[in-house]
Each structure stands twice: as structure tokens, then as C-alpha cells.
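Protein chains in written order, with the working numbering: chain U, 1302 to 1779; chain P, 1302 to 1779.
No residue lacks a Cβ here, since even glycine has one placed at the ideal position from N, Cα and C.
Protein chains: 2
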Amino acid sequence: MSKEKEFVKEIADFETDFPQWYTDVVLKAQLVDYGPVKGTMVIRPYGYAIWEAIQKEMDDRIKATGHRNAYFPLLIPYSFLMKEAEHVEGFAPEVAIVTHAGGEELSEKLVIRPTSETIIGQMYSKWIQSYRDLPVLINQWANVMRWEKTTRPFLRTSEFLWQEGHTAHATDEEAEEETIKILHLYEEFARNVLAMPVLIGKKSEKEKFAGAIATYSMEAMMKDGKSLQAGTTHFFGHNFAEAFNIKFLDKDGTHKYVSTSSWGASTRLIGAIIMVHGDQRGLCLPPYVAPYQVVIIPIAQHKSGVLDKAAEIKANLDKAGIRVSLDDSDNSAGWKFNEYEMKGVPVRLEIGPRDIENGIVTLARRDNGEKQTLPIDSIVEEMPKLLKQIHDGMYEKALNFMNSHIKQVENLDELKKTVDDGNFALTMWCGDRECEDKIKELTNASSRNMPFDQTPVGDKCVCCGKKAKHKIYFGKAY
Amino acid sequence: MSKEKEFVKEIADFETDFPQWYTDVVLKAQLVDYGPVKGTMVIRPYGYAIWEAIQKEMDDRIKATGHRNAYFPLLIPYSFLMKEAEHVEGFAPEVAIVTHAGGEELSEKLVIRPTSETIIGQMYSKWIQSYRDLPVLINQWANVMRWEKTTRPFLRTSEFLWQEGHTAHATDEEAEEETIKILHLYEEFARNVLAMPVLIGKKSEKEKFAGAIATYSMEAMMKDGKSLQAGTTHFFGHNFAEAFNIKFLDKDGTHKYVSTSSWGASTRLIGAIIMVHGDQRGLCLPPYVAPYQVVIIPIAQHKSGVLDKAAEIKANLDKAGIRVSLDDSDNSAGWKFNEYEMKGVPVRLEIGPRDIENGIVTLARRDNGEKQTLPIDSIVEEMPKLLKQIHDGMYEKALNFMNSHIKQVENLDELKKTVDDGNFALTMWCGDRECEDKIKELTNASSRNMPFDQTPVGDKCVCCGKKAKHKIYFGKAY
């Protein structure tokens, strides 16, 4: 067996064992490793560089909409968690608790933040006095901790990294408008940065955030047809304002509760990228978050002039702001081809003695395997266009995949078959929790969200047959 | 009393009550607030924006020297801490401990990282196999927790933010070279970004990091003559490699321990900025980390054209990459002058109806109060130069202050008087812990560091009078 085939063989089969394929890819591409404490992950440099690119792009968008970053403490008094009834029910079972510090037992136990509504609510009650202080638009980049029974790198880990926006407004209308605005920000980010189509809409009562009046989500379809909730925004109304006594003196001279929102996206997005774009050869990274957008592989690199020319091309691309790597190691060109395909580098640039003679290079696209030759002089000019083409091509492909895996269904049998075959089911629902629970029990699919466009696709509930209230997606989910 | 005077009066006297001045400034400028758990701080948007600027500049430098970022778990098994004898002694008393998670008592208690040598050592033992894997050059931006008895915002808080670099090398020489290289990186950063002169050198055995063979530090002089340790680098030799069994197969076919280093700088740097540059009117921020480098204050803003012109200037500065704010609130111009002086904005740009007629603006420097007028057309071109002048002027001023507050001393009486008067003492020391302890007891000054230039300033130990081994700085410290 050739070295190349051996190499690929180390990754489980994409079609028949997608979960193992995922695990193999995240470990082999050195995105993560398992931490010593159960359920924790180490994000290795290659994985963290993706996160840094995500952070940069997301942070720019968050700031462009008037939000500013801040940092709130990791440790929250346990009593804070108790102040909002639904919130404590949702999060208390999965918190990690600090009981001792500085060599002494603490008088009140502390939780490591699972999310920061409570501690931020407490601070907002101090900071907000008047309508002049509103809106408060703050975001935080932080680590959070949720003790989960079953964990998988990026998708569900006891500790993960995320951004959490927390805003306070004078009216419910403004607060809810904020959650919709950010939902669209997330959608635009997914499309234009991750090349990832998503379905946005409102969560059911059952699936909403603990303490929210309404939760909105973006759902992405993985290549196994399962859904990954990739970002959520929450409208709280007065729930946290009442729990933490966040009031302001309005223009009319009366004291009112503020209306709040929160929203978050996390390192889960890296899991989404892997499962939306990957294939049997490994990762396939969208250009705008790829740690290296281009890898240069010298052919016959021992021959005079090859490495010099490769280094010159690298320097020129560096200068143009393209993220580029040059692999001049002793490994064979074939080994390198496999390695960078597995690592999902969008463009491979090959250059050998004959290419130099002819003044050209060969470019190979990771996303569709297409090759082209290009004059050396035009690389710097053409590369941004090529990266854009790759991005657009990846988005198009993922969008087609998603659209072709959404099926309208009218009864439970169809729903079950549809999700079992790796699709989302688009259907009508009466809005009752009972039906939602029954669907979950029978099909293992959960409600994903209700799109804003509620043009009906029927008039009866897929489960009970009574009058339907909502158009909704069901799917199996991570 | 005028509103302006009242305003200033709210900050304690800089000369007579420096500690209270510090507390007043950090709270009033809204850099921080106290968190609900004792010893924790909330970093508010204005403070966090300084940290973001620090991160950006520091991160660029760390990456330019070949390091990559990664992320390691927050929670460390307690047993890891025990593996390096000195490390556990140094950190065990001040860790926060998680005993319960997910509703259950944990079989092994976990500590929230006070620093990450142990958990990173554990991962390196897995990742490093061969000399080809070396050097490993990784940095992490993270929160850490050390339960301190006495806390002050930025200077000493139970949780703080920092970067911690952790590197592994084939030889001790390379590892120690790394610690010196990063120490110089920190010094350059302090000078060119924070406008802050520092003294770099080697720490005494007493003051070194728990588990290190050698610790190097940069020490900055605050305006009360006390020292703030503003960044440290540690050479570990084989200490952590032996504790965590980090070995590699060398070119000669034998297995060897790697040699490791670590280095860190934290949100303490914000405290340093405040106390190096601040004055009676509040903060004075170095331009390259100021959240706003310029604030535009419209004069008689109700007059036609004033706000339009102010907005135009803002847009032009924005476009040129200058961080600029326009305060068009209803507050009086006098109130605004005080507010932005207190917040330390480097340049105040005043523009009123007469200025517009004359095509000019007035610029006022926060650092030295100098005013100048400038044609509106040349603002964008001149501003970067002015910011550079301000930076240079602030550095020069701080350097002169520091140099004029370093005194050579030859005996304990002189040393005590020198540090009591708000100076650093430069002196000779025999190297014995006994003398170091005695000096601390008698003068409340600790050894700061031993400069690389060891040209003697005497031949006898300042304490015992025996033959001196080291030239060293003593000072009171934060």
C-alpha cells in the first residue's frame, strides 16, 4: 500500500462512520486534544488560529453595531443563580462549584459561570440609573463551564470559549429588535465568513433558553443531515430586570424595569465548519477563517532556485495580507499533498524547476480539486479573487446540500423517515408541548426553529392532526 | 465653588493620598468596578478597550517571534500541582478549588489555574517525541485565579487576565535564551506602546517564581516611587520536564528531557499605566493604548454648522485609523474638558463657529497641557505625528522621573531613607537570603532585580558589609 493510501486510511469512513470520521479529523489535523479532566479539550494552535479568525470577524461586526467589550468575573455567588426561577432550573444541574479558596472553606459557594446573565444583571442594576444610560450594549469574550455527561470536542465540552452579548433597553420592543438584529448578524457572518448557510427562526417554548421569553437560533445542517445550533439570541423582557432589580428613571419621571437580551456564539462554530465542509480527505476550511489560506509545496526542492522562488512567492503573498505557509520539510511532495488536504488548506501552490522555467505555478483547490496554472507574476493579484471564488463555491455547495435535504412532511411516518434518511423535516405544528415531546420520542428529532416566513405548508399539525399554528423545522441534532 | 472644581475635588489628592487617588481614578474613569465576590473586578468597556489595545500590540510581537496561540483547560487536577515540589508550595495556598460539578462530588478535586505550567507540561509530554518537534513555542491568552488576601483593581485581584507563554527546547541554553528574548520584547513593548521605562534584570532566589531556576522581570517605577513588577520570564531547565516526563529522542539517538520556559504579562499593566502617567486631574493615557486618542468637543454646538463640521472631522480621522470620539451631549464644554482630562484622552480637539470661519481647530495635549491651532485641512496628516510626539514626551518624562528617583546607597540607613523618600535604591549585595530578609524587615523594601550590566557601584554588601556579589535594585513594591 502506498504511503498516501495509508495516510487516508487513518481517517474513518466519512459515509459510514461520520462520528468517528469527525473525531479522527479533529485529532489528526491537530485542532484539539483531550484535556486531562473529563470533558475538557485543549485547543491546539491550528484549531485556535481558526478561532482567532472567527473572533476577529465576529468582533468587528459586534463593534460595528455599537457594542463594546468588557469582562465580568468568572465566579458567581451561588445565590445569584437562584434569583431567576427558570434560569436556576436550567443551569444548576450542570454547574461546577468552588467551595474552597485560599486555604479556607468559603462562606458562600461559588459557581463557575455557565453563562453570565446573573452577574451582569447585578452590575447593570448598579450602573443603570436613568434613560440616559440606555441602551447598554456590552459583549464579552470568555470561557464558560457546563458539566455535560456526554462530550465531544467543539460540539459539547465542559469548558468552551464564546462571546456573550448582554444588552439592556428602555422598552421590550427595543430589546427584541436587538435579538433579531444580532440573529441577522450571525446569519451574515455564517454566510460570508464560514461559507455556511443557516436557517434562522424562533425556538419553541421547550427549546428556549432558561429564563428567556423568546429564543432565536441559527441552525446549520451537517453533512450527516443533523442540525447544529450554531448561535442563539434571547429576549428576556423584564425577567432578569426583576430578578436583579435593574430599573431606570424614564423621561416621564417614573421608575421602570429595563428590558434585556443576550446572545452567544461559541467554539462550536469550529465543529460546524468541520461537518459542513469536510470530506473523506479531511478538513476543508473556508478561506476567510483558514489559518493558512495557501500552502506552497516546492517540487524537487533540492534543485537550484526552487526554494528561493518559493520563498519569494511566500514573501509576496505575506505582504499582500494572504495567510501563507511554505513547507520546505524533507517529507515527500505526495505526503505534503495529503497532509494539507487533510488540514483543509484552501489552495495548494506547487512550484518546481520546470514551472520556474516557464514562469508559472500550479494551483489546486481543496474544495473541488480543480487545478489551474498561473503566471508567477499574477499570483498576488489573482489570489484574493481565487479565495473569493472558493468561498462562494463552498457556500453554494453547502446551500445546495441543505436545500436538497429539507423535505416537507405531513405526518409522523414521513417525518420519521425523513429525519432517519438524514434530512430536516419542514412541517406544520399545533404548538403543543405534548406533540413536540411525542415527535422526539418517536423519531428522535427535536424542533429546530420556526422560520420568520410563516407561509403555511399545510393546515394540520404533523403529530395530532389538529389545526396547525406554526411552520417549523424538525431534525436530529447535535 | 465652580462645577469644574467640584469635579476635580472628587478625586483624592495625588500628592498626599496616592492610594486613594488610584482607587478614585479607576472607578471614576469607569475602568473597573468591584465584582460581587471579594477580590474580583469587573473590567468595564473603557478599561477593557485599553486591554484590547495591549493585547493587539503584544500579540503581534509574540507572533512575530514565531509563537502561536492555543488554549488549555481552566481546571487542573489537584494532583498535577503536587508534581513540582516548589510549585505546589508557591501556589497551593492561594488556589480556588472545585469539589462538585454536574450535581456530584468529584472523585478528584480540581483547581482553577493559577498559572498553567502543570497542565501544559502534561500535554507537552504527549506532543513532544522527537527533536523535530522542538522548539514548541506556544502562548495563551487566559484568565487565571489566585486567592489573595489584599486586593486592588488591576494590581492584585483574585482573577486576572494575562498572556502566558510556555516553550520547550532541546537545550537549557535555548530555553534561557528564550526568557531573555521575551524579557527584551516586554521592555520594547513597555517603551514603545505604554511609554513606560522599565528596569530589566534577574530576580533573587527569594523572589523568583515557584519552580523556576531563574526568573527575570521588568520593574516599573510608579509616581509614588514604588515598584510594580510588570512582566516576568522564567527559565525552568528540567524542573517541569522531570515532573511531567517531557522527553524527546535527540539526533544522537538518546532520550533527553526538554528544557522549558514560561513568561507572562497581565492586566496589571493597566495599573502600571495609571500610576506611571496619571496626575491630579486623573488618567493620562499613552496614545497607542488609549481607547480614544482624540476627543472632539464642539463649542457652541447649537450654532449652525458646528456639529456637521465636527462630524466631518471625526469621519476623516476614523478613516485614517485614528481612534476618535465626538461628544455632542448636552453637557457644558467645561464639564467635557474635565471629563476627558480625567479619562486621559491624549488629544482634545475644540471646534466652534469662529474656528470654522477661520478654518482652524484648537488642539490641547493631555500630557503637558500645551495648546496649538491647526488648519482643519491638515488634521488628518498631523494627528499621527502629534500622537507620536505625545508618546515620546510621556516616555521622556517618565524616564526622567525614574532616573531621578534611583539613588546609589552604601548602607542600611541610606537604603531606608532612600526608599522612604520614594526612590529605588541601587546597591551591592552579598547574595545571602539573610541580608535580603533583614533589609525587608528594616526598610520594607524588597529586592527588585539585578541588572544585566553588573558594573559594580561598590564592593561591600549594603547589609552585612561582606564582599558583594551582585548589583541590585531595592524598592518598596506593589
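Residues are counted here when their Cβ sits less than 8 Å from a Cβ of chain U; for the stretch 1366-1387 of chain P these are Arg1369, Asn1370, Ala1371, Tyr1372, Phe1373, Pro1374, Leu1375, Leu1376, Ile1377, Pro1378, Phe1381, given in chain order. As computed with DSSP, Pro1752(U) is found in a beta bridge with Gly1502(U). Counting along the chain, the unbroken beta strand (DSSP E) around Thr1400(P) starts and ends at 1397-1402. Contact between Ile1680(P) and Ile1773(P) does not hold, since their C-beta atoms are separated by about 49 Å, which reaches or exceeds 8 Å.
When rounded, the separation of the alpha-carbon atoms in Val1758(U) and Asn1712(U) is 12 Å. Contact between Ala1371(U) and Gln1441(U) holds: their C-beta atoms lie close to 6 Å from each other, under 8 Å. Ala1513(U) sits close to Phe1536(U), with the two beta carbons spaced by under 8 Å.
Of all alpha-carbon atoms in Ser1747(P), Thr1728(P), Asn1724(P), Asp1722(P), the one lying nearest the alpha-carbon of Arg1734(P) is that of Ser1747(P).
If you draw a 10 Å sphere on the C-beta of Pro1599(P), you find 16 or more other C-beta atoms in it, and that means buried. Residue burial annotation: Arg1433(U) is exposed, with fewer than 16 other C-beta atoms found within 10 angstroms of its C-beta.
Contacts with chain P at 8 Å (Cβ-Cβ) include Val1399(U).
None of the residues of the stretch 1591-1614 of chain P has a beta carbon lying less than 7 Å from any beta carbon of chain U.
In the structure shown, Thr1555(U) falls within a coil segment according to DSSP collapsed to helix, strand and coil.
By the rule that beta-carbons nearer than 8 Å mark a contact, Met1424(U) touches chain P.
Look at the stretch 1699-1769 of chain U and you find these whole runs of beta strand (DSSP E), each 3 residues long or longer: 1707-1709, 1725-1730.
Near chain U, meaning a CB-to-CB distance below 8 Å, the residues of the stretch 1321-1344 of chain P are Asp1334, Gly1336, Pro1337, Val1338, Thr1341, Met1342, Val1343, Ile1344. Any Cβ of chain P closer than 8 Å to the Cβ of Glu1358(U) would place that residue at the interface, and such an atom is absent. Here Phe1753(P) is exposed. Its C-beta has fewer than 16 other C-beta atoms within 10 Å. By the rule that beta-carbons nearer than 8 Å mark a contact, Trp1564(U) does not touch chain P. Per DSSP, the unbroken alpha helix (DSSP H) holding Thr1324(U) starts and ends at 1319-1329.
In this structure, Glu1385(U) and Phe1541(U) form a Cβ contact; the two beta carbons are roughly 6 Å apart against a cut-off of 8 Å.
Legend: CB atoms of the stretch 1638-1664 of chain U lying less than 9 Å from CB atoms of chain P are not found in any residue.
Out of Thr1568(U), Gly1403(U), Ile1575(U), the CA that lies nearest to the CA of Phe1392(P) is found in Gly1403(U). Judged by DSSP in its simplified three-state form, Asp1678(P) adopts helix. Distances from the CA of Leu1700(P) to each of Trp1463(P), Met1522(P), Arg1457(P) were compared; the closest alpha carbon is that of Met1522(P). In the displayed model, Ile1514(P) falls within coil according to three-state DSSP, outside both helix and strand. Restricting attention to Thr1458(U), Arg1624(U), Lys1410(U), Arg1453(U), the CA atom closest to the CA of Val1326(U) is found in Arg1453(U). For Leu1456(U), no CB of chain P lies under 8 Å from its own CB, so it is not counted at the interface with that chain.
By alpha-carbon distance to Glu1488(P), the top candidate from Glu1474(P), Met1519(P), Glu1460(P), Ala1515(P) is Met1519(P).
Sorting Val1607(P), Arg1369(P), Lys1509(P) by C-alpha distance to the C-alpha of Ala1350(U) places Arg1369(P) at the top.
Within the stretch 1391-1420 of chain U, contact with chain P at the beta-carbon level (separation under 9 Å) is assigned to Ala1393, Pro1394, Glu1395, Val1396, Ala1397, Ile1398, Val1399, Thr1400, His1401, Ala1402, Gly1403, Gly1404, Glu1405, Leu1407, Glu1409, Lys1410, Leu1411, Ile1413, Ile1420.
Cβ proximity to chain P below 9 Å picks out Arg1345, Pro1346, Tyr1347, Gly1348, Tyr1349, Ala1350, Trp1352, Glu1353 from the stretch 1345-1356 of chain U. The contact set of Asn1546(P) on chain U, defined by CB atoms closer than 8 Å, is empty, because the minimum CB distance reaches about 14 Å. Contact check for Thr1568(U) against Trp1463(U) passes: the beta carbons are separated by less than 8 Å. Within chain U, the residues Pro1374, Leu1375, Leu1376 have their CB atoms less than 8 Å from the CB of Glu1460(P), given in chain order. Contact between Val1590(U) and Leu1495(U) holds: their C-beta atoms lie close to 6 Å from each other, under 8 Å.
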